[in-house]
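Protein chains in written order, with the numbering used here: chain A, 258 to 498; chain B, 258 to 498.
By construction, the Cβ of each residue, glycine as well, lies at the ideal position given by its N, Cα and C atoms.
Keep in mind that this is a model prediction, so the values were computed, not measured.
Structure record follows, encoded as structure tokens.
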DNA sequence: TAGTGGTCTAGACCACAAA
DNA sequence: TTGTGGTCTAGACCACTAG
């Protein structure tokens, strides 16, 4: 018995090549800096075309496992880093995906005059109009996020009239202003007085805070501070060589 | 004048296709759920081979911008998420890359008997030997990370003899046990008494805490808790459609 | 000059889904 | 049955690096 009992999935050829190299790297057979077999070596080894080998190697490069240099060769990359994809999804979706009940309470919804700094973030002038909302998200009745948001009226003029029981601010903004770019930071902070009150936590309980600015077609759409009680919220991730 | 003044970089064909679609998506010409042109449409449009079109589409899929269904078509993905690569590098490298001075102080280096829970993490039995280290990292003389680590002696028998002034624990472990898998969480916590003392911060200052377990060839190598003062440390990231 | 990777083609066969 | 995407081939030309 050597292969494919019954109609077992006949793994694509490029995956055979890719897995062979990946296993060699994660098993330590090749270590950081080692020269790997060339494309033509792999062509002979696996009896496949060069395009197929090339796809395997390109994907390993995109995964950060190898480095390639034209005219020189393919090498095992330094794995002195753990990279993985951090995904920040719409919170309502995330909660529902866990099979829990998502609720949202609007605490504030208003128009404000931009400070100089805020105006700068949005490419507007100080004193220009901005929308401001503060809403709290609940999972099975427990507060999990305080969302303090500024919105550029130019990209979402109807923002103040949205029914946030039907559509979360994130969902609405993604709909009216297709996401093209985002920048975020993650830090640990103590809650403000208001955040502590809205989240029903102690002012001494640390919060995981995500600050995010998003852009659509190069224009700033919204700037948001998402505060999560540290005791109930964490980000998870993984990585596989 | 229609093309290539002088020897301007002749962008690869697959990038022309990829950029055309990406710009259409981020400009809102196509929005989430829309059907995109088929591979054969793009072949005629750009006068290139199907393999070239296919590469462009495959990369857009890997970037999370489109969804593809065999027999159906290619659609704009829901961008109800912001994904980006979170990279956790060796701290010494990171500090040096910023042009700062990295220092490290070893606070503890010992052998301990595994508790039942720790043993489980490492696939050992309660009471088995584990190495334990607590070191503090400094950037330009300022404490930035407290690293509390357990190490599996089977994968790094010489751990206790390493000179951590020369090689950080992370660097050493990556060298002796090639990284094959990692799992981490990120949360906001108050420091323990020891952490507060070692980091020279108040016991009320929130910390950004990364807990990470890494594996090599399927065997648990190390389990570490990295605590960073919230006031000086944050994770940054970005995303571009 | 020889060997490497980067890109591209014009076909091909297949699995799959919808009409 | 038609059109879709998923994979693969056997060539090709090029730019780059090293000896």
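Query raised in the report: Which chain B residues are close to residue 319 of chain A, counting only those with a beta carbon under 9 Å from its beta carbon?
Result: In the first chain, the residue the question calls residue 319 of chain A occupies position 62. Ordered by position in chain B, the residues that pass the 9 Å Cβ test against residue 319 of chain A are 316, 319.
Query raised in the report: Could you give the C-beta distance for residue 390 of chain A and residue 366 of chain A, rounded to a whole number, given that I count them as a contact under 8 Å?
Result: As a first step, residue 390 of chain A is located in the first chain; it is residue number 133 there, counting from the start. As a first step, residue 366 of chain A is located in the first chain; it is residue number 109 there, counting from the start. Rounded, the Cβ-Cβ distance is 5 Å, consistent with contact.
Query raised in the report: Is any beta-carbon of chain B found at less than 8 Å from that of residue 412 of chain A?
Result: Here residue 412 of chain A corresponds to residue number 155 of the first chain, with the count starting at 1. Residue 412 of chain A does not count as touching chain B.
Requested in this report: Assign residue 320 of chain B to one of three DSSP states: helix, strand, or coil.
Outcome: Numbered from its first residue, the second chain carries residue 320 of chain B at position 63. Three-state result, residue 320 of chain B: coil.
Query raised in the report: If you draw a straight line from the C-alpha of residue 424 of chain A to the C-alpha of residue 413 of chain A, how long is it?
Result: Here residue 424 of chain A refers to the residue found at position 167 of the first chain. Here residue 413 of chain A refers to the residue found at position 156 of the first chain. Roughly 14 Å between the two C-alpha positions.
Query raised in the report: Is the stretch 269–276 of chain B touching the stretch 402–421 of chain A, taking contact as three or more C-beta pairs under 8 Å?
Result: no
Query raised in the report: Roughly how many whole angstroms lie between the Cα atoms of residue 460 of chain B and residue 313 of chain A?
Result: Your numbering for residue 460 of chain B matches position 203 in the second chain. Your numbering for residue 313 of chain A matches position 56 in the first chain. Roughly 50 Å separates the two Cα atoms.
Query - Pairwise C-alpha distance: residue 300 of chain B and residue 335 of chain B - result: Stepping through the second chain from its first residue, residue 335 of chain B is reached at position 78. Stepping through the second chain from its first residue, residue 300 of chain B is reached at position 43. So the alpha carbons of these two residues sit roughly 25 Å apart.
Query raised in the report: Exposed or buried, which one is residue 292 of chain B when buried takes at least 16 other CB atoms within 10 Å?
Result: As a working mapping, residue 292 of chain B is identified with position 35 in the second chain. Answer is exposed; the Cβ neighbour count stays below 16.
Query raised in the report: At which residues does the beta strand (DSSP E) containing residue 379 of chain B begin and terminate?
Result: Reading the second chain from its first residue, position 122 is the one you call residue 379 of chain B. Run containing residue 379 of chain B: none in the beta strand (DSSP E); it sits in the alpha helix (DSSP H), 373–379.
**Report entry** Residue span of the alpha helix (DSSP H) that contains residue 470 of chain A, given as start and end
**Finding:** The residue given as residue 470 of chain A occupies position 213 in the first chain. No alpha helix (DSSP H) holds residue 470 of chain A; the beta strand (DSSP E) holding it covers 464–473.
Requested in this report: Taking all protein chains shown into account, decide if residue 203 of chain B is buried (16 or more other Cβ within 10 angstroms of its Cβ) or exposed.
Outcome: Given a span of 258 to 498 for chain B in the structure shown, any question on residue 203 of chain B remains unanswerable.
**Report entry** Short-range partners of chain A found in the stretch 458–472 of chain B, where Cβ spacing is below 7 Å
**Finding:** 461, 463, 464, 465
Query raised in the report: For the candidate residues B/477, B/434, B/289, B/357, whose alpha-carbon lies nearest to that of residue 283 of chain A?
Result: Along the first chain, read from residue 1 onward, the residue named residue 283 of chain A stands at position 26. Answer by Cα proximity: B/434.
Query - residue 393 of chain A at chain B interface by Cβ criterion, 8 Å - result: Against the first chain, residue 393 of chain A aligns to sequence position 136. Not closer than 8 Å to any Cβ of chain B, the Cβ of residue 393 of chain A fails to qualify, so no.
Query - Against chain B: residues of the stretch 476–493 of chain A by CB proximity under 9 Å - result: 485, 486, 487, 488, 490, 491, 492, 493
Query raised in the report: Out of B/469, B/480, B/442, B/448, which has the shortest C-alpha to C-alpha gap to residue 488 of chain B?
Result: Residue 488 of chain B sits at position 231 when you count from the first residue of the second chain. The shortest Cα separation from residue 488 of chain B among B/469, B/480, B/442, B/448 belongs to B/448.
Report task. Would you mind sorting residue 368 of chain A into buried or exposed? The rule is 16 or more other CB atoms within 10 Å of its CB. Result -> One-based indexing of the first chain puts residue 368 of chain A at position 111. Under this definition residue 368 of chain A is an exposed residue.
Requested in this report: Answer yes or no: do residue 395 of chain B and residue 360 of chain B have a C-beta to C-beta separation smaller than 8 Å?
Outcome: Counted from its first residue, the second chain places residue 395 of chain B at position 138. Counted from its first residue, the second chain places residue 360 of chain B at position 103. Yes, the Cβ-Cβ distance between residue 395 of chain B and residue 360 of chain B is below 8 Å.
Report task. Give every residue of the same chain whose Cβ lies closer than 7 Å to the Cβ of residue 273 of chain B, excluding the five residues on either side of it in the sequence, and list them in chain order. Result -> The residue labelled residue 273 of chain B in the question sits at position 16 within the second chain. 303.
**Report entry** Per-residue DSSP class, three states only, for residue 304 of chain A
**Finding:** Here residue 304 of chain A refers to the residue found at position 47 when the first chain is read from its first residue. Of the three classes helix, strand and coil, the one that applies to residue 304 of chain A here is coil, per DSSP.
Query raised in the report: Which term fits residue 452 of chain B, buried or exposed, when burial requires 16 or more other beta carbons within 10 angstroms of its beta carbon?
Result: To locate residue 452 of chain B, count along the second chain from 1; it is residue 195. That one is buried.
Query raised in the report: Along chain A, in chain order, which residues have C-beta atoms closer than 7 Å to that of residue 284 of chain B?
Result: One-based indexing of the second chain puts residue 284 of chain B at position 27. In chain order: 474.
Query raised in the report: How is the alpha helix (DSSP H) around residue 432 of chain B delimited, first residue to last?
Result: Position 175 of the second chain, counted from the first residue, corresponds to residue 432 of chain B. Residues 426–433.
Query raised in the report: Exposed or buried, residue 259 of chain A, counting other C-beta atoms within 10 Å across all chains shown (16 or more means buried)?
Result: Along the first chain, read from residue 1 onward, the residue named residue 259 of chain A stands at position 2. Because residue 259 of chain A carries a pLDDT of 35, less than 50, the predicted location of this residue cannot be relied on, and no value is offered for it.
Query - Where residue 312 of chain A falls: helix, strand or coil (DSSP) - result: For the purposes of this step, residue 312 of chain A is identified with residue 55 of the first chain, where counting begins at 1. Of the three classes helix, strand and coil, the one that applies to residue 312 of chain A here is helix, per DSSP.
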